[in-house]
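>
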Amino acid sequence: MKTETVVSFYKKAELVCLIAFGLLLLYLLWVTFSSPFSRANFDAEHWAEVVGKDDACTRGSMVNDLLKNRIQTGMQKEFLLAIMGKPDRDDGREVSYYLGFCQTFVDPDTLDFYFDAEGKLTKHEIINH
Numbered sequence: 685m686k687t688e689t690v691v692s693f694y695k696k697a698e699l700v701c702l703i704a705f706g707l708l709l710l711y712l713l714w715v716t717f718s719s720p721f722s723r724a725n726f727d728a729e730h731w732a733e734v735v736g737k738d739d740a741c742t743r744g745s746m747v748n749d750l751l752k753n754r755i756q757t758g759m760q761k762e763f764l765l766a767i768m769g770k771p772d773r774d775d776g777r778e779v780s781y782y783l784g785f786c787q788t789f790v791d792p793d794t795l796d797f798y799f800d801a802e803g804k805l806t807k808h809e810i811i812n813h
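With the working numbering applied, the sequence shown corresponds to residues 685 to 813, in that order.
1. Can you round the beta-carbon distance between L805 and T757 to whole angstroms, since I take them to be within the 8 Å contact cut?
2. According to DSSP, is S745 helix, strand or coil?
3. Where do the N-terminal and C-terminal ends of the beta strand (DSSP E) with H808 fall, by residue?
4. Out of K752, T689 and H808, point me to the one whose CA is closest to F799's CA.
5. Taking the Cβ atom as the reference point for each residue, do C741 and P771 lie within a distance shorter than 8 Å?
6. If you pair each beta-carbon of the stretch 747-767 with each one of the stretch 722-735, do three or more pairs fall below 8 Å?
7. On the CB-based measure, 16 or more other CB atoms within 10 Å of its CB, does R773 come out buried or exposed?
8. Use the C-beta contact count for V690: other C-beta atoms within 10 angstroms, 16 or more gives buried, fewer gives exposed.
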């Protein structure tokens, strides 16, 4: 092979590798910053309409707005229930709302809230079951 042909081949291979790396980087950024939990503002009426097994993640798309703008650690359980409505599960010190299949197509997600003995919210988390 001629030297020019080898150099040309390696330059093309280098360009292909750079393009592949760039595409991979763009994909990783998209995955990182496109949360399924931040696609819509919280709407209490719409939240209540989606009671039960909504597999489309309708509730899930409102979670970030809900947690940032309406729910605060230390708030009373009654206030949380007034905002969000009847939970799908209420075990006294833990309530859970079904979100649907937001993170995977295999396991559903729930938004769980935990309360202390006085009924004050201590923490919340999204659980992928």
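Idealized CB from N, CA, C, for every residue including glycine. Fair warning: this is a prediction, and the values are worked out from it, not measured in the lab.
With the structure as the only source:
1. On the sequence shown, position 121 is the one that residue 805 refers to. On the sequence shown, position 73 is the one that residue 757 refers to. Separation of the CB atoms of L805 and T757 is rounded to 6 Å, and the pair is thereby assigned contact status at 8 Å.
2. Here residue 745 refers to the residue found at position 61 of the sequence shown. Three-state result, S745: helix.
3. Along the sequence shown, one-based indexing puts residue 808 at 124. Looking at the DSSP string, the run of the beta strand (DSSP E) that includes H808 is L805 to N812.
4. Here the question's residue 799 lines up with position 115 in the sequence shown. Of the listed residues, the one whose Cα sits closest to F799 is H808.
5. As a first step, residue 741 is located in the sequence shown; it is residue number 57 there, counting from the start. As a first step, residue 771 is located in the sequence shown; it is residue number 87 there, counting from the start. No.
6. yes
7. On the sequence shown, residue 773 is found 89 positions in, with the first residue counted as 1. R773 is exposed by the Cβ-count criterion.
8. Counted from its first residue, the sequence shown places residue 690 at position 6. Result: exposed.
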